[in-house]
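Input: a single structure, listed below in structure tokens.
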Amino acid sequence: MNGMTRHPAPWLLGGLTALGLLTAACQPRERTVDLEVSQVYAAEPALPERTAMYFTVTNNGTSDDELLAVSTPVAGIAEIHRTVQDGELMKMVRTDRLSVPAGGRLQLLPGGVHIMLLELRRPLEPGDRFDATLHFAGAGDVPVRGQVLSYAELEETLTVARPGG
Amino acid sequence: MRHLAVVLSGTCLLIQAACGPAGNAGTGGAYRGSLLIEPIPKADFTLTDTDGKSFQFRDATAGYVTLVFFGYTYCPDVCPIHMANIGAVLKDFPYELRQQFKVVFVTTDPQRDTPERLREWLDNFDRSFIGLRGARDEVNDIQQALGLPASIIEETDDGEYLVGHSARVLAFTKDDLAHIAYPFGTRQTDWAHDLPKLAQETWSGR
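Chains L and S supply the protein sequences, listed in that same order.
Each step along the first sequence adds one to the number in the numbering used here, with nothing skipped, and position 35 is 387.
Each step along the second sequence adds one to the number in the numbering used here, with nothing skipped, and position 10 is 14.
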């Protein structure tokens, strides 16, 4: 009424500021996605139009992530497939997303999960290098470079997954 | 003659004891493959090979260590790895040993696996691998006669299809019986270990 503004007591201001600072310091650090891709291989195609691709993704961050898709200039189509054991039968099931949990690892291995590369655009010989992009929900597009191995070399290089344990 | 038979069995037992893991009387201790509870006889069937010729399975493989696998060439993961592993190991065998083996691949997808395609696919692994084709029903009957499940077709969204099939390789020894099966996951080192022994295996004394 008389134009004078009421200021909060200095001790209150100080206390609130201290509380604010304390809260800020205790906030959890921003969640991070930190992916490392290794062991990127494609098998030398047994027949010209299709082959399998494998790789390992290690998530060193604190946030879970998911692999949504793979693209590569060497193939028109790249599909994620999981090999599953149904009784005595082994089948391939097309999969949309593969989880890469925080602190965990996603390993694509023969007999487990692989990327089926279809409509190959050029011959792939053992020793050839090829480019690909892995598309993750969190980390976005991650470019990788892989190597072509013969099927026999693949087995020696990667541990072959035993489906169903 | 009776004495000779006794001496031979005794020798076989001795060899097994020397070669098997110490104190192991369990499932196929000397082998890395899985010992079958009941040995499976060679089914009596005739299919067509990649040259278009009739292949009478029992006659053509009599006396050989015969590895039999049912799969298809549109499978980029399991089938080529099995075949590549076997091919890689056999390639390293000396001639006399290599000659004792026959590898037979029967397609579960005759619609797409033409003789030419089958031959081209198998040649990646070993030019002497035998490729056989027959009608799906016939091949399913043969699989069942060999104690394997019939394969199943699963259509995919894009109009293609995948084939679910057994991924085991049956190993018939020279007695024309399959005593051991090799699941997917069998490594080259496992084949290299087992195959030479299978060539000499007589299964007596078990």
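A virtual CB, placed ideally from N, CA and C, is assigned to each residue, including glycine.
Given this structure, state the Cα-to-Cα distance separating residue i from residue j, to the nearest angstrom.
i, j, result
"Leu71 of chain S", "Phe488 of chain L", "42 angstroms"
"Gln391 of chain L", "Ser132 of chain S", "32 angstroms"
"Gly168 of chain S", "Gly463 of chain L", "13 angstroms"
"Ala491 of chain L", "Ala484 of chain L", "15 angstroms"
"Glu440 of chain L", "Asp386 of chain L", "39 angstroms"
"Gly413 of chain L", "Ala454 of chain L", "6 angstroms"
"Pro43 of chain S", "Arg172 of chain S", "15 angstroms"
"Gly479 of chain L", "Pro84 of chain S", "18 angstroms"
"Gln499 of chain L", "Tyr78 of chain S", "22 angstroms"
"Thr118 of chain S", "Val496 of chain L", "36 angstroms"
"Gln60 of chain S", "Leu39 of chain S", "26 angstroms"
"Leu420 of chain L", "Leu450 of chain L", "7 angstroms"
"Arg434 of chain L", "Arg102 of chain S", "35 angstroms"
"Gly27 of chain S", "Gln204 of chain S", "Note that Gly27 of chain S scores 27 on pLDDT, short of 50, meaning its location in the model is unreliable; the coordinates nonetheless yield the value given after this. About 22 angstroms."
"Tyr406 of chain L", "Asp130 of chain S", "24 angstroms"
"Ala427 of chain L", "Val409 of chain L", "21 angstroms"
"Glu388 of chain L", "Arg191 of chain S", "28 angstroms"
"Asp53 of chain S", "Pro400 of chain L", "22 angstroms"
"Arg62 of chain S", "Asn128 of chain S", "26 angstroms"
"Arg137 of chain S", "Thr509 of chain L", "33 angstroms"
"Ala185 of chain S", "Gly151 of chain S", "11 angstroms"
"Thr50 of chain S", "Phe482 of chain L", "44 angstroms"
"Ala64 of chain S", "Trp207 of chain S", "22 angstroms"
"Asp416 of chain L", "Val465 of chain L", "19 angstroms"
"Ala47 of chain S", "Thr424 of chain L", "45 angstroms"
"Val436 of chain L", "Met444 of chain L", "6 angstroms"
Can you give me the Cβ contacts of residue i inside the same chain, cut-off strictly under 6 angstroms, excluding the 5 residues immediately before and after it?
i, result
"His197 of chain S", "Arg36"
"Ile429 of chain L", "Leu470 and Glu471"
Name the chain L residues whose beta carbon is nearer than 7 angstroms to that of residue i?
i, result
"Leu124 of chain S", "In the sequence as displayed, the identity of residue 124 of chain S is Glu instead of Leu. What Glu124 of chain S touches in chain L: Leu399."
"Gln60 of chain S", "Residues of chain L passing the Cβ test: none, with the nearest at roughly 27 angstroms."
"Phe109 of chain S", "Under the 7 angstroms cutoff, chain L gives no residues; its nearest Cβ is about 12 angstroms from Phe109 of chain S."
"Ala92 of chain S", "Ala504"
"Pro114 of chain S", "Those do not exist, as Pro114 of chain S stays about 16 angstroms from chain L at its closest Cβ, beyond 7 angstroms."
Does DSSP put residue i in a helix, in a strand, or in coil?
i, result
"Pro200 of chain S", "helix"
"Val436 of chain L", "strand"
"Asp448 of chain L", "coil"
"Ala404 of chain L", "strand"
"Ala64 of chain S", "helix"
"Thr111 of chain S", "strand"
"Leu461 of chain L", "coil"
"Pro119 of chain S", "helix"
"Lys106 of chain S", "strand"
"Ala149 of chain S", "helix"
"Asn89 of chain S", "helix"
"Asn144 of chain S", "helix"
"Pro362 of chain L", "helix"
"Leu501 of chain L", "strand"
"Lys57 of chain S", "coil"
"Asp162 of chain S", "coil"
"Val82 of chain S", "helix"
"Leu387 of chain L", "strand"
"Glu508 of chain L", "helix"
"Glu418 of chain L", "strand"
"Asp480 of chain L", "coil"
Grab me the residues of residue i's own chain with a C-beta within less than 7 angstroms of its C-beta, minus the 5 sequence neighbours each way, in chain order.
i, result
"Ala154 of chain S", "Asn144, Gln147 and Gln148"
"Leu166 of chain S", "Glu158 and Thr160"
"Thr112 of chain S", "Phe74, Gly75, Tyr76, Val143, Ser155, Val167 and His169"
"Pro45 of chain S", "Asp180 and Leu181"
Cα-Cα, which of the options is closest to residue i?
i, options, result
"Ile134 of chain S", "S:Ser38, S:Ile41 and S:Asp55", "S:Asp55"
"Trp125 of chain S", "L:Ala491, L:Ala427 and L:Tyr503", "L:Tyr503"
"Val422 of chain L", "L:Arg446, L:Ala454 and L:Glu431", "L:Glu431"
"Asp180 of chain S", "S:Phe105, S:Gln192 and S:Phe97", "S:Phe105"
"Tyr393 of chain L", "L:Arg473, L:Leu472, L:Glu471 and L:Ile467", "L:Ile467"
"Asn89 of chain S", "S:Arg121, S:Thr206 and S:Asp194", "S:Asp194"
"Asp81 of chain S", "L:Glu477, L:Thr509, L:Glu508 and L:Leu461", "L:Leu461"
"Val110 of chain S", "S:Gly91, S:Glu100, S:Tyr76 and S:Asp127", "S:Tyr76"
"Ala395 of chain L", "L:Leu501, L:Glu507, L:Thr509 and L:Arg473", "L:Leu501"
"Ile156 of chain S", "S:Thr177, S:Pro114, S:Ala175 and S:Arg123", "S:Pro114"
"Leu174 of chain S", "S:Asp162, S:Pro187 and S:Gly163", "S:Pro187"
"Leu458 of chain L", "L:Glu418, L:Leu364, L:Pro397 and L:Leu506", "L:Glu418"
"Thr116 of chain S", "S:Phe97, S:Ala139 and S:Val108", "Strictly speaking, residue 116 of chain S in this sequence is Arg, with Thr absent from that position. For the residues S:Phe97, S:Ala139 and S:Val108, the minimum Cα distance to Arg116 of chain S belongs to S:Ala139."
"Arg474 of chain L", "L:Leu506, L:Leu364 and L:Pro397", "L:Pro397"
Residue i versus chain S: which residues are under 9 angstroms apart at the beta carbon?
i, result
"Ser475 of chain L", "Before going further, note that residue 475 of chain L is Pro rather than Ser in the sequence given. Ordered by position in chain S, no residue passes the 9 angstroms Cβ test against Pro475 of chain L, which lies about 13 angstroms from the chain."
"Ala395 of chain L", "Pro80, Asp81, Pro84, Ile85 and Ala88"
"Gly413 of chain L", "Here the premise fails: no neighbours, minimum Cβ distance about 29 angstroms."
"Gly463 of chain L", "Asp81, Val82, Ile85, Ala171, Phe188 and Gly189"
Strictly below 8 angstroms CB to CB, what residues from chain L border residue i?
i, result
"Ser170 of chain S", "Glu440, Leu441 and Met442"
"Leu166 of chain S", "Lys443 and Met444"
Can you list the residues of chain L that residue i reaches, using a CB-CB cut of under 9 angstroms?
i, result
"Asn144 of chain S", "By Cβ distance, chain L contributes nothing, its closest Cβ being about 12 angstroms from Asn144 of chain S, past 9 angstroms."
"Leu174 of chain S", "Per Cβ cutoff of 9 angstroms: no residues; Leu174 of chain S is ~12 angstroms from chain L at best."
Below 8 angstroms on C-beta distance, what does residue i contact in chain S?
i, result
"Thr403 of chain L", "Pro80"
"His466 of chain L", "Pro80 and Asp81"
Since residue i meets chain S, which of its residues come closer than 7 angstroms, beta carbon to beta carbon?
i, result
"Thr435 of chain L", "Asp81 and Val82"
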